[in-house]
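Notes follow the structure.
There are 2 protein chains.
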Amino acid sequence: MQQNSIYEIKEFLRSKGINPSLQRIKIYQYLLKNRTHPRVEDIYAELVNEIPTLSKTTIYTTLNLFVSKGIVSKIMIEDGEVRYDIDTTPHGHFKCIKCGRVYDIDIKPSIFKDISTDGHQPIEYHFYVIGICKECLEKEKEEVAQA
Amino acid sequence: MQQNSIYEIKEFLRSKGINPSLQRIKIYQYLLKNRTHPRVEDIYAELVNEIPTLSKTTIYTTLNLFVSKGIVSKIMIEDGEVRYDIDTTPHGHFKCIKCGRVYDIDIKPSIFKDISTDGHQPIEYHFYVIGICKECLEKEKEEVAQA
DNA sequence: ATCATTGCAAACACTTTGCATACGC
DNA sequence: GCGTATGCAAAGTGTTTGCAATGAT
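Same order as they appear, the protein sequences are chains A and B.
Position 140 of the first sequence, counting from 1, maps to 140 under my numbering, and the rest follow consecutively.
Position 34 of the second sequence, counting from 1, maps to 1034 under my numbering, and the rest follow consecutively.
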């Protein structure tokens, strides 16, 4: 899916067995455009402007539907903060403790092979890092320079 | 801390600046003995037998204290299920989707070095795998054999 | 007597459920 | 017109907070 026209989203959802209602299309479109691992809160805040009757219930049920169909993944990093990611390919996340943003990080698939799961059968690998992001590091440097 | 006598736990907590109350000692001791990444629920169910007046509030506040002192770590794998781990050294976890148990898995420190965090400054690395554990795989085999 | 810890009850935040309404084919 | 999706309100869950009672020194 390179372009993200409403038409393409409709077709895509249909191909996954999902009835493309307005709300579902808009939520999917939001995830395509905002690859920032948004929370339900974020999606609601933005879309309620376009669809004033939108309820969080619909966002919850829609995201659960997308996850169950395998087109979106649910990510949990910390504090019971649930985020959604339209990129379902194996990759890691970096969460900044200063600004709270979550970035994608590349993980070479070979790394997963190097990890012994001790006789257990792996299905999904999850990896994330907590730290301070590039932008926040820059800001800190500037502040020090100014002082 | 090889042996886990009450005396040693007391000394240990004191050394970390934690006043060793009965509840705190028992909770710490529980974590030492049950290296199964228990939830608040599990700790409560067990300890309420020994301390009938014990409340979950105390478990929550105690665990938060332990985490803030760096002697226990909080792990979140899925579903907003919060677990506590007395092993604060870097390692990964394996969660079985059949039985729900969480196992420790070794992670070679070199793996962390191989991961590019894309210019962000890493502080903590977290790694977990979802799958089916050894025991559940065995059980499945037996069931097939019997059929 | 003082200060910290405990534990009940209430508050909270997030998510799901029940159900009546509205929508689309 | 029928089956599905929506969205309100209520219920449910896990955790924290306010505060009075208790405990330790």
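Even for Gly, the Cβ is constructed at its ideal location relative to N, Cα and C.
Listed by chain order, chain B residues near residue i by CB distance under 9 Å
{"i": "A:Pro109", "result": "Going along chain B, no residue has its Cβ under 9 Å from A:Pro109, so there is no contact; the nearest lies around 12 Å."}
{"i": "A:Tyr137", "result": "Sequence check: residue 137 of chain A is Leu here, not Tyr. Correct list: Gly1119, His1120, Gln1121."}
For residue j and residue i, believed in contact at Cβ under 8 Å, the rounded distance
{"i": "A:Lys69", "j": "A:Lys16", "result": "5 Å"}
{"i": "A:Tyr128", "j": "A:Lys98", "result": "No, A:Tyr128 and A:Lys98 are not in contact; Cβ-Cβ is about 16 Å, not under 8 Å."}
{"i": "B:Lys1056", "j": "B:Val1082", "result": "About 13 Å separates the two Cβ atoms, so there is no contact after all."}
{"i": "A:Ile105", "j": "B:Thr1058", "result": "Between B:Thr1058 and A:Ile105 the Cβ distance is about 39 Å, and since that is not below 8 Å, they are no contact."}
{"i": "B:Leu1137", "j": "A:Gln121", "result": "6 Å"}
Residue i to residue j span [Cα, whole Å]
{"i": "B:Thr1053", "j": "B:Pro1038", "result": "20 Å"}
{"i": "B:Pro1109", "j": "B:Pro1090", "result": "8 Å"}
{"i": "A:Met1", "j": "A:Arg35", "result": "Any reading at A:Met1 needs caution, since the residue's pLDDT is 48, under 50, leaving its predicted position unreliable; the model's value is listed next. Cα to Cα, A:Met1 sits roughly 14 Å from A:Arg35."}
{"i": "B:Gln1023", "j": "A:Ala147", "result": "47 Å"}
{"i": "B:Tyr1030", "j": "B:Asn1019", "result": "17 Å"}
{"i": "A:Glu140", "j": "A:Tyr60", "result": "37 Å"}
{"i": "A:Lys113", "j": "A:Ile107", "result": "11 Å"}
{"i": "B:Asp1079", "j": "A:Thr62", "result": "17 Å"}
{"i": "A:Glu11", "j": "A:Phe66", "result": "15 Å"}
{"i": "A:His126", "j": "B:Ile1111", "result": "14 Å"}
{"i": "B:Gly1100", "j": "A:Val144", "result": "48 Å"}
{"i": "B:Leu1013", "j": "A:Glu142", "result": "41 Å"}
{"i": "A:Asn64", "j": "B:Ser1021", "result": "44 Å"}
{"i": "A:Asn4", "j": "B:Asn1004", "result": "60 Å"}
{"i": "B:Asn1049", "j": "B:Thr1088", "result": "28 Å"}
{"i": "A:Gly135", "j": "B:Ala1045", "result": "In the sequence on display, residue 135 of chain A carries Glu and not Gly. Those two C-alpha atoms are separated by around 45 Å."}
Residue i and residue j closer than 8 Å at C-beta
{"i": "B:Tyr1084", "j": "B:Cys1133", "result": "no"}
{"i": "B:Ile1086", "j": "B:Leu1032", "result": "yes"}
{"i": "B:Ile1027", "j": "B:Ile1043", "result": "yes"}
{"i": "B:His1093", "j": "B:Ile1115", "result": "no"}
{"i": "B:Gly1119", "j": "A:Ile123", "result": "no"}
{"i": "B:Ile1009", "j": "B:Ile1025", "result": "yes"}
Beta-carbon neighbours of residue i, restricted to chain B and to distances below 7 Å
{"i": "A:Ile9", "result": "By Cβ distance, chain B contributes nothing, its closest Cβ being about 28 Å from A:Ile9, past 7 Å."}
{"i": "A:Glu78", "result": "Met1076"}
{"i": "A:Lys134", "result": "Gly1119, His1120"}
Residues that DSSP places opposite residue i in a beta bridge
{"i": "B:Glu1124", "result": "A:Ile130"}
{"i": "B:Ile1025", "result": "None; B:Ile1025 has no bridge partner."}
{"i": "B:Arg1014", "result": "Per DSSP, none; premise fails for B:Arg1014."}
{"i": "B:Ile1075", "result": "B:Arg1083"}
{"i": "A:Cys96", "result": "A:Gly131"}
{"i": "A:Ile107", "result": "Answer is none; A:Ile107 lacks a bridge partner."}
{"i": "A:Val102", "result": "A:Lys95"}
Interface residues of chain A facing residue i [CB-CB closer than 8 Å]
{"i": "B:Glu1124", "result": "Val129, Ile130, Gly131"}
{"i": "B:Tyr1103", "result": "Asp118, His120"}
Contacts that residue i makes with chain A (C-beta to C-beta distance below 9 Å)
{"i": "B:Asp1106", "result": "Ile115, Ser116, Asp118"}
{"i": "B:Phe1066", "result": "Within 9 Å Cβ-Cβ: nothing; B:Phe1066 doesn't reach chain A, min ~17 Å."}
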